Amino acid sequence: MRTRTMLAAVTAALAVTAAGAGAAYASGAEEAGGGPRATERRTQALISAFERKDFEAVSAMFTADSVFTIPLALNGKREDAARFTGKDEVMGYVRNAFSMMGKIDFVNVRVSVTGNGKESFVQADGELTTADGRPYRNVYVYHFQWRDGRVTKAAEYANPITFCDTFGAPGC
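Sequential numbering from 100 applies to the sequence shown in this note's numbering.
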């Protein structure tokens, strides 16, 4: 459980760049659905909210039945390193991640959206610091599935060796 919590905290913090995540969503500026361009804007807004550690904005972007997985296990096996089911678990992971990270900054961010706008992918280099000020640099890929303008499923891929080198979590 400690490994899952630590991994969850760190990887959530590694999440996603643009501006105005919850503000645009909460104000109704973004319509539900809206096609690929709207999904790209929402994806960028979610990344920005993670960088700002804006818990409320991130929360507004996830559905009640959302699922967040971290598929790359620390032991190299084909099992999820962590899986959070339901908004309460997902947001628990996000809160923990925010507390474990000092600065969250994603650079070289590339967002791709499927033709129907129901899925988006993010590639980014994470230039983060831990809560105690140590540098944490990793490479990230995120996959988001959207319904009515909110994330229903998310997967975060990051290099588990880099994670283990920085955090030395159990299971590394």
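Every residue gets a Cβ at the ideal spot worked out from N, C-alpha and C, and that includes glycine. Values in this document were obtained by computation on a predicted structure and should not be read as measured data.
Return the residue from the list the options that minimises the CA-CA distance to residue i.
i, options, result
"R141", "D153, M160, N174, E150", "M160"
"I146", "G133, F205, L173", "F205"
"P170", "A163, S198, A180", "A180"
"A254", "D264, S165, N215, T261", "S165"
"G232", "Y256, T162, G201, T184", "G201"
"P234", "G214, D264, N207", "D264"
Identify the residues that DSSP records as bridge partners of residue i: which are they?
i, result
"Q222", "R209, V240"
"G228", "It should be noted that the sequence gives Thr, not Gly, for residue 228. DSSP, once it has assigned bridges, lists P234 as partnering T228."
"V250", "F161, W245"
"M200", "T229"
Check residue i in the structure and name its three-state DSSP category.
i, result
"A257", "strand"
"L171", "coil"
"A156", "helix"
"K217", "coil"
"A268", "coil"
"D164", "strand"
"E178", "coil"
Residue i lies in the alpha helix (DSSP H); which residues open and close that run?
i, result
"R141", "134-151"
Where do the N-terminal and C-terminal ends of the beta strand (DSSP E) with residue i fall, by residue?
i, result
"A181", "181-184"
Next on the checklist: With three or more C-beta pairs closer than 8 Å as the rule, is the region 189-196 touching the region 221-229?
Outcome noted: Judged by Cβ distances under 8 Å, the region 221-229 makes no contact with the region 189-196, as fewer than three pairs qualify.
Item to check | Cβ contact check for the region 238-248 and the region 205-221: 3 or more pairs under 8 Å | outcome: The region 238-248, when compared against the region 205-221, does touch it at the 8 Å Cβ threshold.
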